[in-house]
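**Student:** Here it is, the structure in full.
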Amino acid sequence: MPDFTLTEKPALGGFDHDFDGTSLKENVGLAIVSVAIPLGGDDAVAEALKSAYGADTPVVGDSSLSKDGATRIIRTATDQLFVLFQHETPDAAQIVAGKLGDAGYYVDQTHNWVGLTLDGPLSRAALERVCAMNLHKDRFPLNKAERTVMEHMGAIVARTGEDAFLLLSASSSAGSYLHAIETSLKYVS
Amino acid sequence: MTKRLDGGLIDRSKPLNFTFNGKKMQGFQGDTLASGLIANGQKIVGRSFKYHRPRGIFTSGSEEPNALVQLRSGAHQEPNTRATVAELFEGLTATSQNHRGSLENDIMGGIDLLSPFLSAGFYYKTFMWPKSFWEKVYEPFIRSSAGLGRLSMEVDPDSYDKGHAHCDVLVIGSGPAGLMAALSAAKSGAEVIFADEDALMGGRLNAETFEVGGQSGSEWAAATVAELSSMSNVRVMNRTTVYGSYDHGIYGALERRTDHLVSSNGKPRQIAWKIYSKRAILCAGATERSIAFGNNDRPGIMLSGSVRTYANRFAVTPGQSVAILTNNDDGWRTAADLHAKGVDLAAVVDTRDTSPLGSFTGASIVTGAAVKDTKGRKGLQNITLTNGQTIQADCLAVAGGWNPNVHLTCHQRGRPTWNEDLSAFVPGGELPPGMIVAGSANGTYGLAGCLAEGRDAANTTVKDLGFTASRTQAPKAEDEASSVTPIWHVPAGKSRCWIDLQNDVSSKDVKLASSEGYRSVELLKRYTTLGMATDQGKTANVLGLAVLAEAQGKSIPETGTTIFRPPYTPVAMGALGGRAVGLDFRPFRLTPSHKWAEENGATFVEAGMWLRAQWYAKTGEQGWRDSVDREVIATRKSVGICDVTTLGKIDIQGKDAAAFLNKVYANAFGKLAAGKVRYGLMLREDGIVMDDGTTACMAENHYVMTTTTANAGPVFRHLDFCRQVLYPDMDVHIISVTDGWAQFAVAGPNARKLLQKVVDEQHDISNEGFPFMACGEISVCGGVPSRLFRISFSGEMAYEIAVPSQYGDDMIRALMSAGEEFDAVPYGTEALGVMRIEKGHAAGNELTGQTSALNLGLGGMVSKNKDCIGKTLSKRPDMNRDDVWNLVGLQPVDKSVPLNAGAHFLEKGAEPNMTNDLGWMTSVAYSPSLGYSIGLGFVKAGSTRKGDVIRAWDAMRKKDVDVEIVSAHFIDPEGERLRA
C-alpha cells in the first residue's frame, strides 16, 4: 500500500458567493457521465433511460429529470447524452453503466467540467453579458439545455429553476470561466 | 446664469457646477454641456480643424460638427466629445481643443490668413518635394497644427463591457414614430427593445411645443415611456445609440452607462450590445441641414431646430437678438417659439418669394432674400442680406430643410433615393432584411403622420411575426407645415461659404475638386475630406452634394450620393474591446499542477490557451539555461517529472473504432491489442502530415488517442468530420477527455522505482509485466483510478500516469515526495524540448503543415496494406523524389559554436540563393548530455548524406556555421534506455 493518499480538490475550491441576492457557487460533487448512443441504438438507450431513471430521452437542446429528480439527462448531440448526478467517488461511469447496461458507451466526464450554479434575480442580466443565447423565461424554458460559447470558452447552459441555471465549462479554464461570470455579476449587482 | 428662459425640461432644483477651460459655471440637471455653456454665455467652444477659426455650438444633437471638447482629466480624459450630447454632472470639467494659447486668442488662428493657399488637395500638391521631408518635417508639422483632441497617453482606467440582447422587435429612436411603434408592438405581446441615444426619450417631442393627445408632446412622451417601462416585454434603453446594422438582424448598440455620472464606481462605463432582432423599426428621425453663405461658421450661427431645442427643452437662448434664415416653413416655427419665450427677434429671412407666415414685434420680415455674409470674429454681430440690408444679431438660426436619418438603411449596401418634394434622400432600394422605416427617417415630417406611421409599421411587423396587432390608436395630433424650396448655396464673393464645419470644407473646395476632375461624390469626399471625422457629415453631406451637382450642372440624383457605414456615431475602442483587456483578453487553461508549479519557481509559457511550466528555477541559477540543463541532466541521470496534461486526449469507442483508426492513421491500427499503445501518424487528405501521437487500446472497442497540445482541437474536429461525413455508417464515438485527466510523464532510469511507490501493489509495472508501449487501467495511492502508459518522448525509460484531474494537485505532490530519494526533479517544456531533440523526435517545428511522412523519415509508416486518409495523394511523384527533404540531425563542426534555428543549408562555397538552398534548420538546442549545440533540420536527400559537412547560413543573424549531417537520434539511437 503506497504511503500516499490523494484527495479530490474542486477546480474552484468550492466557490460560493452571493451577489445582491443572486448566488454563484461551484457545484462540488457533480458527477457527469457521457453516454454515446451506438449507431441505431436510440430506442435501446431510450428504453434504458426510462427503465433506469423513469426519464424521457430529451431532444438535442433539452434535458430531462429522473423520476426522483436526482439525475438530469442532457442531450448534447444526436448521439450523445450527459447524465448528471451528485456523486462523490470517482466511479460515476460504472454507476451509469450499471444502470443502463450495454445500451451505450460510457465515459466519465466528471473531471472534464466545472459546474456552477447561478440562482437569483440577477442571473439573466449577468449571463447576457457573456452569453449570446436568448435566456428569456419563455424562450429558454425550464430544463432547456444548450451548448454555447462564453468568452471564448465552450459551455453548456441548463435552466434548472425559475432564475436558476447550471453552467458547465471546461475544468482547465475553470478560473477564467468563474471570473467571467463573477465579473458579470459584479457589473450588474 | 444669464440666459435662462422660462419652462424647459431641466430640473432647476438641482444645480450642477462645472468648469470650461477652468472657468466655473453652473447648469441644471437635465442640461447638456452645450446648453450649460449657452446658459453661461460661452460663445466660442473650439477652434476649427484646419484654419483654427473660432467655432461655437452649431446643433443640439449627435450631428454636432463644431463643439468638440475634452471631458474630464488625467487618465479619464476623453477627447472629441460632442458637448451637445454630453450630459452635465456635478464637477464636470471640460476643456476646448485644437488651439495654442487661449481659446479666444489661438496663435494658430493666423493660418486662416493663409487660406487662399490651403485649398482642397493642398497637401497632395504641395508636400511632394523633397521626398525625405514628408515623414520628418511635413507630417509632424501638419499633425501638430491640425487635428482634434488629444489622448491622455495613459491606460484607460474605465471598464467597458459587452452584452447580448434579444427581441422580436427593435425600435430605434424614441420620437413620435418610435414611441408609437414601440407601444403598438409591445401591446401585441412581442418582445421589444426600445432604444434611443438621448438620455431623455421622446426625440423632437422634447424640443417642440406640439400637442399630442391633448397634452404637451414632452408630457405624452414621458407618459408613454413610463408605460413602456412598466411592461415586462419591453426593454427601454435610453442613452443607447444603435450604431450599426449587421447580418441576420443583428444591430450594434452602444449604451453609455455612467458617462453622465461623476464616477463609474467600478461598473462598466459603456456597454457595446449585440442586439439580435427578428425585426427592426427604424425611427431615427431627421437631421436639419444648413445653407452655405459667406462666413456661415461664426459662433452664434446655429441650426434653427437646435435653437428651438435649446429654448424649449433647455430653457436657454443662444442669443439675445436672434435672426432666422429659412428656406422652409420650419424656420417660422423657430421664430414663433422664440417669440413666445420672449426672445427678441431681429429678423426672419425667408429665401422663398412667399407671404410671411407670421409677424413678430421688432423683427424685420424679409422674403425672397437670403443671408449673403456675416460679421463678428468671435461671435456673430451682424448679417448682410442679398438685398444689401445689414441686420444686427448675435444669433442666426438657419433652417435649410431636413434630411431623413437613413444611415442604418445603408449599412448593408442599401442606397437612399432622392425625393424631389422633400429635397432630401429617403430610404430606398434594399433595406437591411427585417427592417422597416417610419416617421421622419422615412421622409414623413408631420407629427400626426409620424405617429400613425409608427403604429402602422409596428402592426405590419408584429403580424409578420405571428402576433395579433394591437388596436392601439395614435393620439390626436396635427401635421405641421413643412413646405421647402431648397436653396443650398448663396454666392458670397470672396467670403468662404462653409459646407463641412468639422473639416473646414467650403463651397470653393467642392467646386475646385469638381474642376480638377473629382466628379464622383466618393472621390470628392476623399479629396476634400467632406463628411469625414466624428460627425460623418451629418449636416454637410447633402449640402456638399448639392454644390457639387450645381458645379457640374446636374441634378442631385444624377450626381449620386455616398452611403453610410457603421458606426452611426463614434464608438470608443474601449467599448469595442469590452472587458477583454490585459489578463482578461482571453481565458487561460491551467493544469492541475499549476499551483504546485508556482510554488516551486516555475516560469510559465503560453501554449495555446494553456500555461505550461517552462522551467523550474532554483536558487543560485543564473538564467533559464542553468535550470533547463539541470533538469535534463537530472532526468537522464535519475528521474524527472513533467506535467503533460495539455496533450490532447480523445476517448474513442464503438464497434468500428479500430476500423475508424485504421482510416485516420497512416499506419495499421486494426490489430492493436488491448493493453497496448501504438505511435500513430495522421495525414491530411493531401498527404501532408497533420499530427502525430499515440493511441492506446484500453479494451476491446475502446481507445484513447493522444495528440499534440497545439493540435488537440484540430484533430478532434478532424475526427468528428471523418466520423460524421466520411464514415457515417461506422459505429464510432469520440469525446475529449483532455481536461479530465491530470497526466504526468515520469522519465529516467529510476522512473519505475518511483512509480512503484505510488502505484497500488496489485499492479505489476515491471519491464516484463508492463513493457515498453504497454498501457492499462490501474489504481494509485490506495484505490484512486488511474491510467498508466509506458511511452517515452524523452528517450528514457518512461511512463505517463494519469489520474482524474481533481486529484492532480495531490498527485504531483505525491510523485515528488516519492521521488525525493531519487533526487527527482520536475522538468518543464524547455527540458522536454531539449530531450526530444536529443532523441530526434519531430514536433511542431517539424510538423509544419508542409512536411510529408517521407520528409520526417516516417515514410515506411504509410501502410501499403490498407487505405487511409491522405494515402493516395502522398504518392504524388514530387513528394517522392530522391531529393526530397529528409529530417536529419546536425552538429557544428566546431563544437563551441551554437546553432540557430531558421538557418538555411548550403553547400560549402555556394552562393546563398534559392537555387542553392538545401533546406533549413528546424530545431536547435544546447545538449547538456553532449555538451554542445545540436539541431534537427530538413536537408535535400539528407538521409543519404550522413557525415557530409554543409553550411548553416543564417541571414537574419549574419551567421555562417559549418555543420555535419548526423543521425537525428543523438541519444540512445538503439532505444535501449526506453525499453529498460
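Those sequence lines, one after another, are chains A and B. For the first sequence, position 41 (counting from the first letter as 1) is numbered 27 according to this note's numbering, and the numbering increases by one without interruption. Just add 3 to the spot in the second sequence (first one is 1) and you have this note's numbering. Where a beta carbon is used, it is the ideal one built from N, C-alpha and C, also for glycine.
Would you please verify whether the beta carbon of TYR39 (chain A) is less than 7 Å from any beta carbon of chain B?
**Tutor:** no
**Student:** Classify GLN765 (chain B) as buried or exposed, calling it buried when 16 or more other Cβ atoms lie within 10 Å of its own Cβ.
**Tutor:** exposed
**Student:** Buried or exposed for PHE792 (chain B), going by 16 or more other Cβ atoms inside 10 Å?
**Tutor:** buried
**Student:** If we define contact as Cβ-Cβ less than 7 Å, is ARG145 (chain A) a contact residue for chain B?
**Tutor:** no
**Student:** Excluding sequence positions up to five away, which residues of its chain have a Cβ less than 7 Å from the Cβ of ARG7 (chain B)?
**Tutor:** ALA42, ALA318 and VAL319
**Student:** Taking 7 Å as the CB-CB limit, is LEU(-8) (chain A) close to chain B?
**Tutor:** yes
**Student:** Taking GLY690 (chain B) and THR710 (chain B) to be in contact with their CB atoms under 8 Å, please state how far apart those CB atoms are, rounded to whole angstroms.
**Tutor:** With 8 Å as the limit, GLY690 (chain B) and THR710 (chain B) do not qualify as a contact, their Cβ atoms being about 19 Å apart.
**Student:** Under 7 Å between the Cβ atoms of GLY940 (chain B) and MET924 (chain B)?
**Tutor:** Yes, the Cβ-Cβ distance between GLY940 (chain B) and MET924 (chain B) is below 7 Å.
**Student:** Excluding the five sequence neighbours on either side, which residues of its own chain have a C-beta within less than 8 Å of the C-beta of PHE428 (chain B), listed in chain order?
**Tutor:** ASN406, PRO407, VAL409, PRO419, THR420, TRP421, ASN422, VAL545 and THR564
**Student:** Output, in sequence order along the chain, the residues in the stretch 183 to 199 of chain B whose CB is closer than 9 Å to any CB in chain A.
**Tutor:** Under the 9 Å Cβ criterion, the stretch 183 to 199 of chain B contributes GLU194.
**Student:** So, LEU91 (chain B) versus GLY30 (chain B), is the Cβ gap smaller than 7 Å?
**Tutor:** yes
**Student:** ILE47 (chain B) bridges to which residues according to DSSP?
**Tutor:** In DSSP, ILE47 (chain B) forms no bridge with anything.
**Student:** Per the contact definition of three or more C-beta pairs closer than 8 Å, is the stretch 195 to 204 of chain B in contact with the stretch 484 to 501 of chain B?
**Tutor:** no
**Student:** Can you tell me which of the three DSSP states VAL667 (chain B) falls into?
**Tutor:** helix
**Student:** Give the secondary structure of TYR530 (chain B) by DSSP, where H, G and I count as helix, E and B as strand, and everything else as coil.
**Tutor:** helix
**Student:** Helix, strand or coil for SER147 (chain B)? Go by DSSP, reduced to three states.
**Tutor:** helix
**Student:** Between the stretch 44 to 57 of chain A and chain B, which residues of the former have CB atoms less than 9 Å from a CB of the latter, in chain order?
**Tutor:** none
**Student:** Using a Cβ-Cβ cutoff of less than 7 Å, which residues in the same chain neighbour THR227 (chain B) once the five nearest sequence positions on both sides are dropped?
**Tutor:** LEU182 and LEU186
**Student:** For PHE151 (chain A), which residues of its own chain have a beta-carbon under 8 Å away from its beta-carbon, when the five flanking residues on both sides are left out?
**Tutor:** Short of 8 Å from the beta carbon of PHE151 (chain A), and not among the five residues preceding or following it, lie these beta carbons of its own chain, in chain order: THR103, LEU104, ASP105, SER109, LEU113, LEU121, VAL143, ALA144 and ARG145.
**Student:** Count the other CB atoms, across all protein chains shown, that sit within 10 Å of the CB of HIS170 (chain A); report buried if there are 16 or more and exposed otherwise.
**Tutor:** Reading the sequence as shown, one finds Ser at residue 170 (chain A) and not His. SER170 (chain A) should be labelled buried.
**Student:** What separation, rounded to the nearest whole angstrom, lies between the Cα atoms of LEU861 (chain B) and TYR682 (chain B)?
**Tutor:** 11 Å
**Student:** Of all the beta strand (DSSP E) runs that stay within the bounds of the stretch 636 to 667 of chain B, which reach a length of 3 or more residues?
**Tutor:** If you keep only unbroken beta strand (DSSP E) runs of at least 3 residues inside the stretch 636 to 667 of chain B, you get 643 to 646 and 651 to 656.
**Student:** Under the DSSP definition of a beta bridge, which residues are partnered with PRO407 (chain B)?
**Tutor:** DSSP links PRO407 (chain B) through a beta bridge to B:ALA289.
**Student:** With H, G and I counted as helix, E and B as strand and the rest as coil, what does DSSP make of ALA427 (chain B)?
**Tutor:** strand
**Student:** Span of the beta strand (DSSP E) holding HIS705 (chain B)?
**Tutor:** 705 to 710
**Student:** Taking only runs that begin and end inside the stretch 25 to 95 of chain A, name each unbroken alpha helix (DSSP H) of 4 or more residues, in chain order.
**Tutor:** If we require 4 residues or more, the alpha helix (DSSP H) runs fully inside the stretch 25 to 95 of chain A come out as 28 to 39 and 78 to 86.
**Student:** Does the Cβ-Cβ distance between PRO931 (chain B) and ASP632 (chain B) come in under 7 Å?
**Tutor:** yes
**Student:** Would you mind reading off the limits of the beta strand (DSSP E) that contains GLU81 (chain B)?
**Tutor:** 81 to 85
**Student:** Could you pull out every residue in the same chain whose Cβ sits closer than 6 Å to the Cβ of LYS898 (chain B), ignoring the five residues on either side in sequence?
**Tutor:** TYR935
**Student:** Going by beta carbon distance, what residues of the same chain come within less than 7 Å of PHE825 (chain B), once the five residues before and after it are set aside?
**Tutor:** SER641, VAL642, ASN753, LYS756 and LEU757
**Student:** Mind checking THR594 (chain B): buried by the 16 CB within 10 Å criterion, or exposed?
**Tutor:** Here THR594 (chain B) is buried. Its C-beta has 16 or more other C-beta atoms within 10 Å.
**Student:** Looking at the C-beta of GLU114 (chain A), does it have a partner C-beta in chain B at a distance below 7 Å?
**Tutor:** Yes, GLU114 (chain A) lies at the interface with chain B (some Cβ there is under 7 Å from its Cβ).
**Student:** How would you call GLY822 (chain B), buried or exposed, if buried means at least 16 neighbouring beta carbons within 10 angstroms?
**Tutor:** buried
**Student:** So within the stretch 831 to 917 of chain B, which uninterrupted alpha helix (DSSP H) runs reach at least 4 residues, ignoring any that extend past its ends?
**Tutor:** 832 to 842 and 874 to 877
**Student:** Just checking: is the beta-carbon of ILE278 (chain B) within a distance shorter than 7 Å of some beta-carbon in chain A?
**Tutor:** So no, ILE278 (chain B) is outside the interface.
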